[in-house]
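Numbering (the numbering used here), first residue to last: 1150 to 1493.
Worksheet for the structure shown next.
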Ligand code: SAM
């Protein structure tokens, strides 16, 4: 089934339950055919909430009056080792966008690579080509940089920055042989269904390795605190349509979606096209402070307890939890990595 933009728009606007369930069933079959029955478990370490950006939706934006923290490099490495001990095959290192770690990331990546078998995803925002290259050569295989919305005016209005620059970063990351994740926020104030359809068309055209799709959640203390949250069913539709459009991208049941649906409903998300889930292994003292939106799931649960619960839910969905690295199923990153290594 090759979806056109009008097909996508039509599915985004249907409110007939039978048609919505049919869409989810198609996405589920495509997930089974192209990515199989494993759900990959990734650990996330939110190592600093210091951010120079002032995105209107985000609870750790520069002007938010919150306590800031920055984990030390050896704490981050120990935390990654702990993630491996728990059985994870991939660790995501995420932070607000800041330059404090610019000259430390390569060492952190090397230390994790020397002491574990983990695949590493960086999610630290917009950097220069040279920095991305340095981190890739140090051993980071993946990078997550959501484009948030493909509507460039809305992007600028909400972030104060330019979508072109973000897209340039994504192009560099692809060129450098990273497995690249992008993604969007569903239900942003001012966003239309056509914007969401454009996001999905973009996911297919760019052939991203991973897609993070989550609802907008209003956060107190931000300019958007009084706006309604993104609709979970609309978010599930975007996930399902993205699965159908991209076939074999890795698509997580995002923390934001699990937050609005309730963490005990994750099995539903796995039957609408998702095949990945992230567990938070950030030490509790910091985890509480990485409050990009309120009510975030897995804030107070111990990582072991959360892992046991999510594995049960994956099994309830008829799928298999996997602690393998779960690399991208696409081929572009391999070709570009070869090019980089013969040059570098
Ligand atoms: N600095 C990195 C970057 O810019 O990619 C990563 C950190 S950023 C806090 C991680 C993600 O949080 C963003 O890509 C955005 O989609 C999401 N986010 C922030 N505030 C949100 C909100 N109120 N609701 C839903 N998602 C939000």
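C-beta: ideal position from N, C-alpha, C; glycine also.
Bear in mind that the values here come from a model prediction, so they are computed numbers and not experimental data.
Item: Beta-carbon proximity check, residue 1368 vs residue 1200, cutoff 9 Å; Value: no
Item: Proximity test, residue 1244 beta-carbon vs ligand 1 heavy atom, cut-off 8 Å; Value: yes
Item: Sheet register partners of residue 1191 (DSSP bridge); Value: 1239, 1427
Item: Opposing strand residues paired with residue 1328 [DSSP bridges]; Value: 1291
Item: Alpha helix (DSSP H) runs contained entirely in the region 1296-1377, provided each spans 4 or more residues; Value: 1301-1308, 1312-1324, 1342-1355
Item: Beta-carbon proximity list for residue 1406, same chain, < 7 Å, skipping 5 on both sides; Value: 1363, 1364, 1381, 1384, 1418
Item: CB-CB length for residue 1183 against residue 1397, believed under 8 Å; Value: 4 Å
Item: Residue 1443 - DSSP class collapsed to helix/strand/coil; Value: coil
Item: C-beta atoms of residue 1190 and residue 1444 nearer than 9 Å; Value: no
Item: 9 Å Cβ cutoff met for residue 1194 and residue 1241; Value: yes
Item: Residue 1152 versus residue 1478: straight-line alpha-carbon distance, rounded; Value: 21 Å
Item: Option in 1322, 1265, 1349, 1491 with minimal Cα separation from residue 1361; Value: 1349
Item: Spatial distance of residue 1462 from residue 1491 (CA atoms); Value: 44 Å
Item: Heavy atom of ligand 1 within 8 Å of residue 1300 beta-carbon; Value: no
Item: Ligand 3 heavy atom lying under 8 Å from the CB of residue 1363; Value: The model depicted lacks ligand 3 and carries ligand 1 instead.
Item: Meets three-Cβ-pair contact criterion under 8 Å: the region 1327-1341 and the region 1298-1308; Value: yes
Item: Contact test: residue 1192 Cβ vs ligand 1 heavy atom, cutoff 8 Å; Value: no
Item: Cutoff 6 Å; reference residue 1233; Cβ partners in own chain excluding five residues on either side; Value: 1265, 1267
Item: Coil, strand or helix - residue 1271 by DSSP; Value: strand
Item: Beta-ladder partner(s) of residue 1399, from DSSP; Value: 1359
Item: Spatial distance of residue 1126 from residue 1332 (CA atoms); Value: Within the shown structure, residues of the chain are numbered from 1150 to 1493, placing residue 1126 beyond reach of any answer.
Item: Nearest residue (CA-CA) to residue 1188, options 1488, 1459, 1489; Value: 1459
Item: Per-residue burial, residue 1283 [other beta carbons within 10 Å of its own, 16 or more giving buried]; Value: buried
Item: Top-ranked residue by Cα proximity to residue 1290, from 1312, 1316, 1255, 1296; Value: 1255
Item: Residues of its chain near residue 1497, where Cβ-Cβ distance is below 7 Å and the 5 sequence neighbours each way are ignored; Value: Residue coverage of the chain in this structure runs from 1150 to 1493, which leaves residue 1497 outside it and unanswerable.
Item: Heavy atom of ligand 1 within 8 Å of residue 1297 beta-carbon; Value: yes
Item: Distance cut-off 8 Å: residue 1213 Cβ against heavy atoms of ligand 1; Value: no
Item: Status (buried if at least 16 other CB within 10 Å, exposed otherwise) for residue 1386; Value: buried
Item: Residue 1216, DSSP secondary structure in three states; Value: coil
Item: Residue 1208 CB to nearest heavy atom of ligand 1 below 8 Å; Value: yes
Item: Neighbourhood of residue 1372 by C-beta distance below 6 Å, restricted to the same chain and skipping five residues each side; Value: 1205
Item: Three-state secondary structure (DSSP) of residue 1415; Value: helix
Item: Buried versus exposed call for residue 1328 [16 or more other C-beta atoms within 10 Å across all chains shown]; Value: buried
Item: Run of the beta strand (DSSP E) containing residue 1471, from where it starts to where it stops; Value: 1469-1471
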